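**Q**
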Amino acid sequence: MLLTRQLLQTVAEIAQRAGTRIMDVYERPGQPEVVNKSDDSPLTEADLRANTLIVAELQTLSPDVPILSEESVPVPFELRHDWSRFWLVDPLDGTREFLSRNGEFTVNIAMIENGFPVLGVVHVPVTGITYLGLHGHDGGAWRVAPDTVWHPVRCTPLPVRAQWKYHTLRVVASRRHSGDAQDLLLDALSAHFAGIQRLPMGSSLKICLLAEGLADFYPRLAPTSEWDTAAAHAVLTAAGGNIFDLSLKALEYNRKIAMLNPSFLATADVSKPWIDVLNELSHPGK
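Residue numbers for the sequence shown follow the numbering used here, so the first one is 99 and each next one is one higher.
1. Let me check one thing: in DSSP terms, what residues is valine 270 bridge-paired to?
2. Which residues share a DSSP beta bridge with phenylalanine 315?
3. List, from N- to C-terminal side, the beta strand (DSSP E) runs of 3 residues or more that fit wholly inside the region 100-181.
4. Quick one: what does DSSP say threonine 193 is sitting in, helix, strand or coil?
5. How big is the Cα-Cα spacing for methionine 357 and alanine 289?
6. Kindly confirm or deny that the region 262-273 and the region 299-308 touch, where touching means at least three C-beta pairs closer than 8 angstroms.
7. Can you give the beta carbon distance from alanine 279 to leucine 297, rounded, assuming they're within the 8 angstroms contact cut?
8. Please report the straight-line C-alpha distance between alanine 364 and glycine 213, rounded to a whole angstrom.
9. Please state whether the Cβ-Cβ distance between leucine 160 and tryptophan 181 is less than 9 angstroms.
10. Please tell me whether proline 250 and tryptophan 262 are closer than 9 angstroms, where the distance is taken between their beta carbons.
11. In chain order, what residues of the same chain lie with their CB nearer than 6 angstroms to the CB of proline 215, ignoring the 5 residues before and after it?
12. Do valine 224 and valine 109 have their CB atoms nearer than 9 angstroms?
13. Closest by CA to phenylalanine 196, which one among Leu166, Pro174, Glu131?
14. If contacts are defined as beta-carbon pairs under 8 angstroms, then valine 205 and glycine 117 qualify, I think. What distance do you get, rounded to the angstrom?
15. Glutamate 211 by DSSP, collapsed to three states: which one?
16. Give every residue of the same chain whose Cβ lies closer than 7 angstroms to the Cβ of serine 170, excluding the five residues on either side of it in the sequence, and list them in chain order.
17. Could you pull out every residue in the same chain whose Cβ sits closer than 6 angstroms to the Cβ of proline 257, ignoring the five residues on either side in sequence?
18. Just to confirm the assignment, what range does the alpha helix (DSSP H) spanning valine 375 have?
19. Helix, strand or coil: which one does DSSP assign to valine 333?
20. Cutting at 6 angstroms between CB atoms, please list the residues of its own chain near isoleucine 355, excluding the five before and the five after it.
21. Is it buried or exposed for lysine 304, if we count other Cβ within 10 angstroms and need 16 for buried?
22. Under 9 angstroms, do leucine 391 and leucine 379 count as touching if we go by C-beta distance?
23. Classify arginine 259 as helix, strand or coil using the three-state DSSP reduction.
24. On the premise that cysteine 253 lies in contact with aspartate 374, defined as a C-beta separation below 8 angstroms, what is that separation, rounded to the nearest angstrom?
25. From Ala260, Trp372, His221, Asn340, pick the residue whose C-alpha is nearest to that of serine 301; which is it?
26. Is it true that the CB of glutamate 168 sits closer than 9 angstroms to the CB of proline 189?
27. For aspartate 278, report the span of its alpha helix (DSSP H) as first-last.
28. Quick one, are the C-beta atoms of leucine 349 and leucine 217 less than 9 angstroms apart?
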């Protein structure tokens, strides 16, 4: 299967149809029924309806490409560790945001090749906006409004280091998962910049803000799963940014038994001065 814009368009349409199923539940009066999964995360009818559609559509689109979805039966590592290419899906990222009705939830579909996301679609059902990322000769990153026009997006680089003292660093952060470690990191960064502007946001939208040039940095020092980040990671790298673990190694997928990401640092600017500062802050005293 070639990585083309036509393929990306087809996957976007699948995500958008899943978004319609989610909105059918979202717009009903009253609170939807919730079941808590084994990790205490919530599961709703909207998650399951979106998952059923996405899995069926991807199986039709690419019958030979395996699918790993948060809401499907888990695949043992001994079966999936040899997969060179597969779909990684979160049919409703931000179920708690869905339940609180703040609109900050997404449909995430990514293609992983040899551990890295090479195609990503992040659809926002409430606004109808879709973020797209594609690698290869036909690649790029786009924001697609409901008018269906593909608007190219690009990360915004930081100014040269001598100008950081005049620049306010725009930091996206989870509405629900911050903690002392993140606060310490941001306090340390504040010594290098004129100030820190915190932009609270739910779901994979945080990473998409970096890709769109509306934020500079997203530290995540609390647990996430691989399906939470993969699609937006593809968008971000296609737009010029990246996601690193605390050793500043690019985040990889399907490399271990647990489908959990390490703590990570998502950046819109991967230039060396910025990376050096992050390295110093994530390894104090080294």
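Built from N, CA and C at the ideal position, the CB exists for glycine as well.
Computed from a predicted model, the values in this text were never measured in an experiment.
**A** Let me spell this out:
1. Working through the sequence shown from its first residue, we reach residue 270 at position 172. Valine 270 pairs with Leu297.
2. The sequence position of residue 315 within the sequence shown is 217, counting from 1. The partner list for phenylalanine 315 (beta bridge, DSSP) reads Val269, Thr365.
3. 132-134, 140-142, 165-167
4. If you number the sequence shown from 1, residue 193 lands on position 95. Reduced to three states, the DSSP call for threonine 193 is helix.
5. For the purposes of this step, residue 357 is identified with residue 259 of the sequence shown, where counting begins at 1. For the purposes of this step, residue 289 is identified with residue 191 of the sequence shown, where counting begins at 1. Each residue's Cα considered, the two are about 35 angstroms apart.
6. yes
7. The residue labelled residue 279 in the question sits at position 181 within the sequence shown. The residue labelled residue 297 in the question sits at position 199 within the sequence shown. About 19 angstroms separates the two Cβ atoms, so there is no contact after all.
8. Indexing the sequence shown from 1 puts residue 364 at position 266. Indexing the sequence shown from 1 puts residue 213 at position 115. Cα-Cα distance, rounded: 17 angstroms.
9. Against the sequence shown, residue 160 aligns to sequence position 62. Against the sequence shown, residue 181 aligns to sequence position 83. Residue identity differs from the one stated: residue 160 is serine in this sequence, not leucine. Not a contact, by the Cβ cut-off of 9 angstroms.
10. Locating residue 250 in the sequence shown gives position 152, counting from the first residue. Locating residue 262 in the sequence shown gives position 164, counting from the first residue. Against a cut-off of 9 angstroms, the Cβ pair of tryptophan 262 and proline 250 comes out as no contact.
11. Translated into the one-based positions of the sequence shown, residue 215 becomes position 117. Same-chain partners within the cutoff: Ala208, Ala328, His331, Ala332.
12. Looking up residue 224 in the sequence shown gives position 126. Looking up residue 109 in the sequence shown gives position 11. Contact: no.
13. Position 98 of the sequence shown holds residue 196. Selected option, being the one with the closest Cα: Glu131.
14. Reading the sequence shown from its first residue, position 107 is the one you call residue 205. Reading the sequence shown from its first residue, position 19 is the one you call residue 117. About 5 angstroms separates the two Cβ atoms, so the contact holds.
15. Position 113 of the sequence shown holds residue 211. It is a strand residue.
16. Here residue 170 is taken as the residue at index 72 of the sequence shown, counted from 1. For serine 170, where only same-chain residues beyond five positions count, the Cβ hits under 7 angstroms are Asn149, Val153.
17. Within the sequence shown, the letter at position 159 stands for residue 257. Within the same chain, proline 257 has close Cβ partners His265.
18. For the purposes of this step, residue 375 is taken as the residue at position 277 of the sequence shown. 370-380 is the span of the alpha helix (DSSP H), which, as asked, contains valine 375.
19. Within the sequence shown, the letter at position 235 stands for residue 333. Three-state result, valine 333: helix.
20. In the sequence shown, the residue the question calls residue 355 occupies position 257. For isoleucine 355, where only same-chain residues beyond five positions count, the Cβ hits under 6 angstroms are Phe175.
21. Translated into the one-based positions of the sequence shown, residue 304 becomes position 206. That one is buried.
22. Residue 391 lies beyond the residue range present for the chain, which begins at 99 and ends at 384; the question has no answer from this structure.
23. Along the sequence shown, one-based indexing puts residue 259 at 161. DSSP places arginine 259 in helix when its eight states are reduced to three.
24. Stepping through the sequence shown from its first residue, residue 374 is reached at position 276. Stepping through the sequence shown from its first residue, residue 253 is reached at position 155. With 8 angstroms as the limit, aspartate 374 and cysteine 253 do not qualify as a contact, their Cβ atoms being about 18 angstroms apart.
25. Counting from 1 along the sequence shown, the entry for residue 301 is found at position 203. The candidate whose alpha carbon is nearest that of serine 301 is His221.
26. Taking the sequence shown and counting its residues from 1, the one referred to as residue 189 is at position 91. Taking the sequence shown and counting its residues from 1, the one referred to as residue 168 is at position 70. Yes, the pair counts as a contact, with Cβ atoms nearer than the cut-off.
27. Here residue 278 refers to the residue found at position 180 when the sequence shown is read from its first residue. 278-287 is the extent of the alpha helix (DSSP H) around aspartate 278.
28. Along the sequence shown, read from residue 1 onward, the residue named residue 349 stands at position 251. Along the sequence shown, read from residue 1 onward, the residue named residue 217 stands at position 119. Contact flag unset, no.
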